[in-house]
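Just so you know, the sequence shown maps onto residues 72 to 824 in the working numbering. Each remark here refers to the structure printed beneath this line.
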Amino acid sequence: MALAMICLLINLYISVSECDRTFVSRVGGPQNGTFTSPVFLNPEGHSRQCVYTFLAGPNQRAELTFTAFDLRGTPPDSKGNVAMACVHEYLDVYSEVQQPEASELINSPFGGRFCGPIPPRRRISLYRAIVLSFFTDKNFTTPELFKGRYSFINDSEYQIGTPAPHSPCSYVIHAQNKRQGTILTPTYPGTYPKDLICTYLLLGGAGQRVRLEFRDFDLFFGGPHCPFDVVKVYDGISNESAVIGTYCGQQRNLVLYSSNSTMYIVFETLKRTANTQNRGFKGIFEFSESFVKLDFIAKNDGEHIRGSECDQKILSKKESSGYVFSPNYPFPYLSKIVCRYFIYGMQDAQHLERVRLNFLKFFIPKTDKGDCSDGYLKLYLKGQEATDSYEKFDHELCGEESQPIEVVSDGPRLVMVFSSGDKVGRGFKAKYTFETEYRIPGTAAPDGTCTFTYRSSSRKKGEFNSPRYPSNYPSRTNCTFTFIATPNEQVSLVFDHFKVRADSANGTFGSYGAAICQEDWLEMYNIYRDETQKLIGRYCSMTAPGPLDSNRGAIGLKVVLHTDREEVSSGFKARYSFENAKSIFGDCGSNVSSSHYGVIVSPNFPQNYEGPTKGAASKTCNWYINVRPNHKVLLNFEHFAVEGDAEARGCPAAVVRLWYTLDGPPIELCGEKKPTDKWQYMSESNYVRISFISADKSVGAKGFKAVWTEVADSGENCDEFRCIKSSFCIADKLRCNRVANCGADDASDELNC
72 MALAMICLLI NLYISVSECD RTFVSRVGGP QNGTFTSPVF LNPEGHSRQC VYTFLAGPNQ
132 RAELTFTAFD LRGTPPDSKG NVAMACVHEY LDVYSEVQQP EASELINSPF GGRFCGPIPP
192 RRRISLYRAI VLSFFTDKNF TTPELFKGRY SFINDSEYQI GTPAPHSPCS YVIHAQNKRQ
252 GTILTPTYPG TYPKDLICTY LLLGGAGQRV RLEFRDFDLF FGGPHCPFDV VKVYDGISNE
312 SAVIGTYCGQ QRNLVLYSSN STMYIVFETL KRTANTQNRG FKGIFEFSES FVKLDFIAKN
372 DGEHIRGSEC DQKILSKKES SGYVFSPNYP FPYLSKIVCR YFIYGMQDAQ HLERVRLNFL
432 KFFIPKTDKG DCSDGYLKLY LKGQEATDSY EKFDHELCGE ESQPIEVVSD GPRLVMVFSS
492 GDKVGRGFKA KYTFETEYRI PGTAAPDGTC TFTYRSSSRK KGEFNSPRYP SNYPSRTNCT
552 FTFIATPNEQ VSLVFDHFKV RADSANGTFG SYGAAICQED WLEMYNIYRD ETQKLIGRYC
612 SMTAPGPLDS NRGAIGLKVV LHTDREEVSS GFKARYSFEN AKSIFGDCGS NVSSSHYGVI
672 VSPNFPQNYE GPTKGAASKT CNWYINVRPN HKVLLNFEHF AVEGDAEARG CPAAVVRLWY
732 TLDGPPIELC GEKKPTDKWQ YMSESNYVRI SFISADKSVG AKGFKAVWTE VADSGENCDE
792 FRCIKSSFCI ADKLRCNRVA NCGADDASDE LNC
C-alpha cells in the first residue's frame with residue numbers, strides 16, 4: 072500500500088515553476104470554477120512556493136471561497152503567540168492587488184497568513200485581482216490541503232455614486248441621480264481590508280431628509296468606544312458636522328435619519344497584524360420629503376435626538392413647563408411613524424423633580440375592534456426606558472379625550488411613545504410641568520414648597536422623612552411638617568433614623584440647641600389654637616430626638632428641617648400617630664407640691680421598665696414639681712440607665728425630658744450614668760417638669776431614680792440648714808432623713824446623725 076502511494080506521488084510530481092496557476096476572466100470564457108492545492112514531491116524538504124492568481128475582467132471583481140483547509144503549519148494559539156506560528160506550511164492572501172505580477176506582491180497590502188484547520192473567510196478583491204501564495208517545506212503535498220471556489224462578479228454594486236478622488240472606496244451620492252440605493256464596504260460580504268478609509272456623502276434636495284438602514288453590520292469590536300475599526304455617521308456634509316453615532320462590533324436594527332438633507336459616513340480600519348476577518352456592512356439609503364418634519368419639536372424646549380426620525384428630549388430648566396405635540400400638529404399626523412418623547416426633570420445632589428403631564432387635546436383613532444392595536448400613545452412613568460422595558464408601559468391611550476387626562480411621573484423621568492399606525496388622526500397636545508420632588512409622603516403644599524400637612528381626619532398613622540430619604544437631602548432647604556390632631560387627641564412622633572449635618576457636637580449630652588446646631592438642624596414645636604408655638608428642641612448630628620407626645624391643650628406638633636449652603640447628610644425617617652389624649656400625667660406621674668423634697672423613679676424601678684408592644688402608643692409619665700415662692704428645685708439623678716446614647720445616636724427609643732429653665736426648651740437625657748458622674752440640675756424658678764417616654768421599639772432598661780429638694784433662694788442669709796460643700800439652703804427638717812438632699816458629692820445633711 073505504501074509503495075503504491077509513493078508511485079502515485081512520483082507520477083503526480085511537478086516542478087515548482089509548474090505549480091503557479093493563473094485564473095483569468097475572458098469574454099466567453101468560464102466565470103467561475105474550483106481550485107485545489109498543488110501536488111508534488113519534496114523529498115529533501117526544500118522551501119517551495121506556489122502563486123495562484125485570480126484576475127477579473129474590466130468592471131469585475133474576483134471572489135474566493137474556501138471549501139476545505141488543513142495546512143500542516145501550527146496556527147497562533149489562543150493567546151495570540153505568533154513567533155512559531157505558520158512556519159512550515161501556510162497560505163498568504165492578497166486581496167488588494169492593483170498589479171497582479173508576482174514582483175508587485177511585495178508592494179501590495181498583506182491580507183493575512185493562514186495555516187492549520189481554519190480557512191480564510193470569503194474574499195472579494197478591492198480591485199480586479201486576488202493572489203494566494205502557498206508555502207511549504209514538507210516532503211509532499213496533496214490536493215486535500217486546501218480547496219475552494221472562485222468566481223468573477225460584476226462590480227456595479229460597488230459603484231455607489233460619484234467616486235471621490237484619491238480613494239478606492241469614497242463616493243458622493245446625489246438625490247437627483249438616485250433617490251434610494253445601497254451602500255456597502257468595498258469588499259462586502261468578503262473580509263474587509265486593513266488600513267483603509269472610505270467615505271460616503273449623501274446629498275439630498277431641499278426639504279428632504281436621509282434615511283439609512285444597516286441591513287448587515289459586522290466590524291471588529293475593540294471596546295465600547297470603538298478605538299479600532301469604526302463607522303462614524305455625521306449629521307451634515309463633513310466630519311466637522313455633529314456626530315449622530317459611532318459604531319463597531321455587530322449592530323442590529325440600526326436605522327438612522329439626518330436632521331436635514333445631508334449625511335456623511337466614514338468607515339475606517341486600522342493597520343494591524345491581527346487576522347480579523349469581519350465582513351463590514353451593507354445598508355440601504357433613501358432620500359425623501361415624506362419623513363417627519365421636525366418643526367413640531369421646535370415649538371417647545373425640546374431637542375431632536377440626532378439619528379432618529381422624530382425622537383426628542385426635553386430637559387428641565389428648574390421647575391419649567393412647556394408643551395408637547397404630535398408630529399404635524401395641529402394638522403393630521405402621517406401614518407406609520409413612531410416618535411419617542413423623553414421628558415427629564417432635574418436629578419442631582421441639589422435637585423430632584425417629577426413630571427406632571429396634562430392632555431389638552433387628544434385624538435388617536437381606535438381600531439374597528441375598539442382597541443389601541445393600530446395607533447396609540449404609551450406612557451412610561453417609572454423610568455422603564457433605562458432598562459429598555461418598553462413592553463411595561465403604565466398607560467396606553469387612544470380614542471378621543473382618553474383617560475387619564477393628567478399623569479405624574481414616579482421619579483424624574485417621563486417617556487411617551489407615539490405610534491401612528493395605518494390610520495390618521497389629529498394627534499395630541501399636552502402640557503408638561505417639572506415640579507420639585509421631595510419624596511415625602513403626605514399632603515404637599517400647592518405652591519410647591521417643602522411644606523407637608525398631616526391631619527388626623529385623613530389618616531391616623533404614617534411615616535414622614537427628610538427630602539429624598541434615604542438619599543441625602545438638598546442644601547438651602549427649609550421643610551415644614553405640620554401634624555393637626557382632632558380635639559381629645561395627641562400627636563406622637565418616633566424617629567427611626569437621624570443624621571443631620573453638624574460641624575460641632577456635644578460629646579456629653581448629644582447635639583441639642585441653637586448654640587451647637589447652627590448649620591443644619593431639626594426643630595420641633597407644640598402648636599396651639601391661638602397660632603402660638605412652643606419650642607421643644609433643636610437637634611442635629613446623630614442625636615435623634617426622643618419619642619414625643621404633643622402637650623395637652625396643643626392642637627398638634629410642627630417639625631422644621633433647615634439646611635444651609637454647605638454639606639448635607641441622609642436626614643431622618645420618623646413615624647407619626649394620632650392617639651386618644653391621656654391625662655396631663657400620662658400613663659403614670661403626679662403633681663408634687665407642699666413638700667420639701669421627694670423621690671421620682673421610673674416605672675418598675677429598680678427593675679427594668681417595659682416599653683409598649685409593637686405598634687402601640689408610647690408610654691408616658693409626667694411629673695410636675697412646684698415648691699414655695701422664692702425657692703428653687705434641685706434635681707439629682709442618683710441612678711440613671713435609659714436605653715440610647717446621647718453622643719452616638721441620641722434617644723430614639725426612650726427619653727427623659729427635663730424642663731428646668733423659665734422659657735427654654737427641655738434637655739433630653741438617655742444613656743447610663745456612671746457612679747462617679749454628677750447629674751444634677753437647679754431650676755430657674757420654683758417649677759420643674761419631668762417627662763419619661765418610651766416608644767414601641769424600646770427594649771427596656773433599669774430606668775432612673777432622682778431626688779428633688781426645695782432650695783431657698785436666700786443668698787447669704789439662710790435661716791435653716793446650710794449645706795457645707797454645696798452651700799445650698801434647705802429645710803432644717805431634712806437633716807438626718809437618710810436622703811442626700813444637699814446634692815451630689817455633699818452628704819453634710821446626713822452627718823452627725
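By construction, the Cβ of each residue, glycine as well, lies at the ideal position given by its N, Cα and C atoms.
Got a sec, what are the start and stop residues for the beta strand (DSSP E) residue i sits in?
i      : result
Asp493 : From DSSP, Asp493 is part of no beta strand (DSSP E); its letter is neither H nor E.
Ala139 : Gln131 to Phe140
Met417 : It is not in any beta strand (DSSP E) - Met417 carries neither H nor E in the DSSP assignment.
Arg220 : Phe217 to Asn225
Glu357 : Gly351 to Ser359
Glu311 : Counting along the chain, Glu311 falls outside any beta strand (DSSP E), and DSSP gives it neither H nor E.
Tyr165 : Glu160 to Val168
Arg646 : Gly642 to Asn651
Ala818 : Run containing Ala818: none; DSSP gives neither H nor E here.
Arg282 : Arg280 to Asp289
Tyr400 : That residue, Tyr400, is in no beta strand (DSSP E); it is neither H nor E in DSSP.
Gln383 : Gln383 to Leu386
Please identify the residue among the options whose C-alpha is closest to the C-alpha of residue i.
i      : options                           : result
Ile764 : Glu357, Asp306 and Leu564         : Leu564
Ala369 : Lys353, Ser397 and Thr347         : Ser397
Gly735 : Glu590, Ala586 and Ser612         : Ala586
Ile414 : Ile385, Asp442 and Phe206         : Ile385
Gly715 : Ser689, Asn707, Gly774 and Thr684 : Gly774
Ser392 : Gly293, Phe505, Thr732 and Cys381 : Phe505
Arg572 : Phe554, Pro545, Gln561 and Ser329 : Pro545
Ala725 : Val759, Lys690, Ala652 and Pro700 : Lys690
Asn707 : Glu284, Gln751, Glu638 and Phe140 : Gln751
Gly373 : Gln383, Glu718, Asp366 and Leu365 : Gln383
Asn543 : Leu450, Val202 and Gln418         : Gln418
Ile408 : Phe362, Phe125, Tyr400 and Lys703 : Phe362
Ser309 : Ser330, Ile336 and Pro260         : Ile336
Leu428 : Phe792, Ile738, Phe499 and Asp459 : Phe499
Thr333 : Glu339, Ser537, Gly104 and Arg250 : Arg250
Evaluate residue i with the Cβ neighbour count: other Cβ atoms within 10 Å of its Cβ, from every protein chain shown; 16 or more gives buried, anything less gives exposed.
i      : result
Asp493 : exposed
Pro234 : exposed
Val486 : buried
Arg286 : exposed
Phe206 : buried
Gly276 : exposed
Phe402 : exposed
Ile655 : exposed
Pro190 : buried
Pro700 : exposed
Arg646 : buried
Cys807 : exposed
Arg728 : buried
For residue i and residue j, I'd like the C-alpha separation in whole angstroms.
i      : j      : result
Asp518 : Glu424 : 14 Å
Thr211 : Leu267 : Looking at the sequence provided, one finds Phe at residue 211 rather than Thr. Phe211 and Leu267: Cα-Cα distance of roughly 39 Å.
Met76  : Lys218 : Any reading at Met76 must be qualified, since the residue scores a pLDDT of 35, below 50, and its modelled position is unreliable; no value is offered.
Ser661 : Tyr668 : 14 Å
Lys749 : Ala772 : 20 Å
Phe356 : Arg510 : 48 Å
Leu431 : Lys502 : 7 Å
Phe291 : Ala246 : 31 Å
Glu380 : Ser196 : 36 Å
Arg623 : Thr732 : 20 Å
Leu448 : Ser490 : 6 Å
Ser829 : Glu228 : The structure shown does not extend to residue 829, since the chain spans only 72 to 824, so no value can be given for it.
Gly454 : Pro483 : 8 Å
Ser665 : Ala717 : 34 Å
Gly278 : Tyr328 : 14 Å
Cys90  : Val98  : 25 Å
Leu805 : Asn693 : 25 Å
His375 : Glu284 : 19 Å
Ala811 : Asn597 : 36 Å
- Message: At 4 residues or longer, what runs of the alpha helix (DSSP H) sit wholly inside the segment 513–585?
- Response: none
- Item | 4 or more residues per run - each alpha helix (DSSP H) lying fully within the segment 716–759 | none
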